[in-house]
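Q: Its first residue numbered 2, the sequence shown is counted upward by one per residue in the working numbering.
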Amino acid sequence: MKKLLCMLLVAVGLMSCGDDDKPYIPELNKLTNVSCTKNGATFFTAEITYKQDQQINRIILNQEGHQFTDNYIIVDKTISVNGVKMENGSLTNPFVHTVYTLKGNVIARKEEMAENKYMSNTAYTAIDNSYVYERNWLKSVSQVIQWPNENGSGYQKRDLNDVDCYTWEGGNAVHYAYMPQQEITYEYGSQMRPANFPFRVINTFQPVGFDVVSPVNLMYGLMNQNLPARAYWYNMSEAADVCAEYTFRYTMSSDYITGMTIEEKINPVNGVEAESNTYEYTFTYNFVAEQK
Numbered sequence: 002m003k004k005l006l007c008m009l010l011v012a013v014g015l016m017s018c019g020d021d022d023k024p025y026i027p028e029l030n031k032l033t034n035v036s037c038t039k040n041g042a043t044f045f046t047a048e049i050t051y052k053q054d055q056q057i058n059r060i061i062l063n064q065e066g067h068q069f070t071d072n073y074i075i076v077d078k079t080i081s082v083n084g085v086k087m088e089n090g091s092l093t094n095p096f097v098h099t100v101y102t103l104k105g106n107v108i109a110r111k112e113e114m115a116e117n118k119y120m121s122n123t124a125y126t127a128i129d130n131s132y133v134y135e136r137n138w139l140k141s142v143s144q145v146i147q148w149p150n151e152n153g154s155g156y157q158k159r160d161l162n163d164v165d166c167y168t169w170e171g172g173n174a175v176h177y178a179y180m181p182q183q184e185i186t187y188e189y190g191s192q193m194r195p196a197n198f199p200f201r202v203i204n205t206f207q208p209v210g211f212d213v214v215s216p217v218n219l220m221y222g223l224m225n226q227n228l229p230a231r232a233y234w235y236n237m238s239e240a241a242d243v244c245a246e247y248t249f250r251y252t253m254s255s256d257y258i259t260g261m262t263i264e265e266k267i268n269p270v271n272g273v274e275a276e277s278n279t280y281e282y283t284f285t286y287n288f289v290a291e292q293k
C-alpha cells in the first residue's frame with residue numbers, strides 16, 4: 002500500500018513539473034498604427050499610443066488632408082476625449098468632444114459634444130448614447146439628441162429611443178439595424194479574430210473607416226469571435242435590393258492580422274451610381290503587452 006502511495010505521489014510530481022515547463026504565451030502586442038489606401042491613394046493613417054497601464058493615451062488620425070489629435074483623459078470610470086473635430090466643414094478648436102462612461106469594463110454611455118455658437122461656443126451634449134448589453138453582448142443603443150435655440154435661451158431635446166439594434170449568432174454580430182428601416186448583414190468564415198484585432202460591427206453602412214478598427218472598440222463588451230467574410234446592406238422594406246456589398250480578405254503573420262483588403266461594390270439602387278472601390282489596410286503592433 003505504501004509503495005502504491007509513493008508511486009502516486011511521484012506521478013503527481015511529474016505532472017506538476019510538466020505543467021510548470023509549459024511555454025509561456027504572452028499577450029499579443031497592441032495595435033499602434035493603421036494605414037489605409039483607397040484605390041491606391043492614401044485614405045487615412047492613424048497612430049495610437051498607450052500609457053504604461055495599457056490604456057489608450059492618444060490617437061492621431063490623418064484623413065482627407067486633415068489631422069485629428071485626440072487625447073484620452075481617464076479618471077476612474079470616465080474617459081474624456083480632448084481634441085479637434087469637424088463641424089460644418091471646418092475644424093474646431095480643441096475641446097472635450099466625447100465623454101465615455103464605463104460600467105465595469107464596458108462603455109455604458111457616450112456623450113457626443115458640440116459647441117453652441119449662440120452661447121459663446123459653450124460645449125453641450127448634442128447626442129447622448131446609452132448602451133444596452135445582454136451577457137456582455139451589445140444589443141441596442143438609444144439616443145437623446147438636443148440642439149440650441151438660435152436666441153441663446155436654451156436647448157430643444159428629442160428622445161429617439163432604440164436607434165441601433167444588433168443581432169448575435171454563434172458569437173458574432175450578424176445584423177446591425179438602424180431603426181426603423183436600414184440593416185446590414187455580416188457573414189463570417191472560420192478564421193478566428195485575434196484578441197488584439199479590434200474589428201467591430203459599428204453603426205455604419207460603409208464599414209471602411211478607422212472607427213471600424215479603432216482600439217476603442219475593445220471597450221464595447223464582447224467582440225466577434227470570427228473575422229467577417231462578407232457584408233451587405235439594404236432597406237428592410239426592399240431587402241431584395243442590395244444597396245452595397247463588401248468582401249473581406251486578411252493577411253496574417255504569426256498570430257497577428259497585418260493586412261486587410263475590403264472590396265466595396267455600390268449598386269445602382271435608388272438613383273445611386275454604381276461604384277467599385279478597393280481598400281487596403283496595413284496594421285502595426287509596436288506596444289509590447291505587459292507579460293504577467
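Glycine included, C-beta positions come from ideal geometry on N, C-alpha and C.
Check serine 215 in the structure and name its three-state DSSP category.
A: In the structure shown, serine 215 sits in coil (DSSP, three-state: anything other than H, G, I, E or B).
Q: With a Cβ-Cβ cutoff of 7 Å, do valine 202 and alanine 240 count as a contact?
A: For valine 202 and alanine 240, no; Cβs fall outside 7 Å.
Q: Considering glycine 84, what are the terminal residues of the beta strand (DSSP E) in which it resides?
A: Its beta strand (DSSP E) spans residues 79 to 84.
Q: Can you have a look at aspartate 165 and say buried or exposed, based on whether 16 or more other CB atoms are within 10 angstroms of its CB?
A: Buried: at least 16 other Cβ atoms inside 10 Å.
Q: Can you tell me whether serine 154 is helix, strand or coil according to DSSP?
A: Of the three classes helix, strand and coil, the one that applies to serine 154 here is coil, per DSSP.
Q: Would you tell me roughly how many angstroms separate the C-alpha atoms of lysine 104 and glycine 272, rounded to the nearest one?
A: If you take the alpha carbons of lysine 104 and glycine 272, they lie about 44 Å apart.
Q: As a quick exercise: from Asp77, Tyr251, Gln55, Asn278, pick the residue whose alpha carbon is nearest that of phenylalanine 284.
A: The residue with the shortest Cα to Cα distance from phenylalanine 284 is Tyr251.
Q: Within 10 Å of its beta-carbon, does lysine 111 have 16 or more other beta-carbons around it, so buried, or fewer, so exposed?
A: Buried is the call here.
Q: Would you tell me roughly how many angstroms separate the C-alpha atoms of threonine 1 and glutamate 184, rounded to the nearest one?
A: No statement about residue 1 is possible, as the shown extent of the chain runs from 2 to 293 and does not include it.
Q: What does cysteine 166 pair with, by DSSP beta-bridge criteria?
A: For cysteine 166, which the question treats as bridged, DSSP gives the partners Ser141, Ala178.
Q: When the Cα atoms are used, what is the spatial distance from serine 277 to glutamate 246?
A: So the alpha carbons of these two residues sit roughly 10 Å apart.
Q: In three-state DSSP terms, what is isoleucine 26?
A: With a pLDDT of only 46 at isoleucine 26, under the threshold of 50, the placement of this residue in the model should not be trusted; the figure read from the coordinates follows. Looking at isoleucine 26 - three-state DSSP - the assignment turns out to be coil, as it is neither helix nor strand.
Q: Tell me the rounded alpha-carbon separation between asparagine 287 and proline 269.
A: Near 42 Å, if we compare the C-alpha coordinates of proline 269 and asparagine 287.
Q: Please return the same chain residues whose Cβ sits closer than 6 Å to the Cβ of isoleucine 61, not counting the five positions on each side in sequence.
A: Cβ neighbours of isoleucine 61 beyond the five flanking positions: Glu48, Thr70.
Q: Kindly indicate which residue of Met220, Met224, Trp169, Cys244 has the alpha-carbon position closest to the one of methionine 193.
A: Cα-wise, what sits closest to methionine 193 is Met224.
Q: Can you check which of these residues, Met87, Thr93, Gly155, Tyr51, is closest to tyrosine 73 by C-alpha distance?
A: Ranking Met87, Thr93, Gly155, Tyr51 by Cα distance to tyrosine 73 puts Tyr51 first.
Q: Do threonine 123 and asparagine 130 count as a contact pair if the criterion is CB distance below 7 Å?
A: Going by C-beta atoms, asparagine 130 is not nearer than 7 Å to threonine 123.
Q: Can you check whether the CB of phenylalanine 45 is closer than 7 Å to the CB of phenylalanine 211?
A: Yes, the Cβ-Cβ distance between phenylalanine 211 and phenylalanine 45 is below 7 Å.
Q: The beta strand (DSSP E) spanning alanine 230 covers which residue range?
A: Residues 227 to 236.
Q: Per DSSP, what are the beta-bridge partners of alanine 42 in this structure?
A: Answer is Lys39.
Q: Identify, in the order they occur along the chain, each residue of the same chain with its Cβ nearer than 6 Å to the Cβ of threonine 248, setting aside the five sequence neighbours on each side.
A: Cβ within range, chain order: Arg231, Glu264.
Q: DSSP state of methionine 224, grouped into three classes?
A: Coil at methionine 224, not helix or strand.
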